[in-house]
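Peer 1:
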Amino acid sequence: MAGLHVKKGDRVKVIAGKDKGAVGEIIAVNTAAQRVTVEGVNVVKRHRKESQGAGGRRIEGGIITREAPIHVSNVQLITKVDGEDVVTRVGYERVEVMKKRPDGTEYKAMRSQRVARKTGKEI
């Protein structure tokens, strides 16, 4: 499965769905299902019965609210440009870096890095 255009910790804007326009930070990523969990977006309530866990530990019951995952195509990355938030697409470019072998010698290698399409700067 290919990687996603966003990763944990990125600030994103929701561009589709009931929370369209909301901005939040990605708190979890599921690459296999192509879903991300965004802080404060797609909040659902679950009713949990009080129960007893491992070692006699009591699990409290009640109504628990938490964020449910949304599809990655419904979010767009936000970058800072001159102090304000701007949505942008994500591009990739290959850059040459120096790497070290276990014996201490160095060699040149290529590394892929994410780039904001609007500004051309590394994310």
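Numbering-wise, the sequence shown is residues 52 to 174 according to this note's numbering. Note that beta-carbon positions come from the ideal geometry of N, C-alpha and C, so glycine has one too.
For Ala105, which of helix, strand or coil comes out of DSSP?
Peer 2: Here the question's residue 105 lines up with position 54 in the sequence shown. Ala105 falls in the helix class under three-state DSSP.
Peer 1: Across which residues does DSSP place Arg162 in a beta bridge pair?
Peer 2: The residue you call residue 162 lines up with position 111 of the sequence shown. Val146.
Peer 1: Between Asn81 and Ala119, how many whole angstroms is the CB-CB distance? I'm expecting something under 8 Å.
Peer 2: Here residue 81 refers to the residue found at position 30 when the sequence shown is read from its first residue. Here residue 119 refers to the residue found at position 68 when the sequence shown is read from its first residue. Actually they are not in contact, since the Cβ atoms of Asn81 and Ala119 sit about 12 Å apart, beyond 8 Å.
Peer 1: What whole-angstrom Cβ distance do Val138 and Gln127 have, given they're in contact under 8 Å?
Peer 2: Here the question's residue 138 lines up with position 87 in the sequence shown. Here the question's residue 127 lines up with position 76 in the sequence shown. Correct: roughly 5 Å between the Cβ atoms.
Peer 1: Could you check if Lys64 is buried or exposed, using at least 16 other CB atoms within 10 Å of its CB as the buried criterion?
Peer 2: Stepping through the sequence shown from its first residue, residue 64 is reached at position 13. Buried.
Peer 1: With 16 other CB atoms within 10 Å as the buried threshold, where does Ala160 fall?
Peer 2: Within the sequence shown, the letter at position 109 stands for residue 160. Exposed, by the Cβ-count rule.
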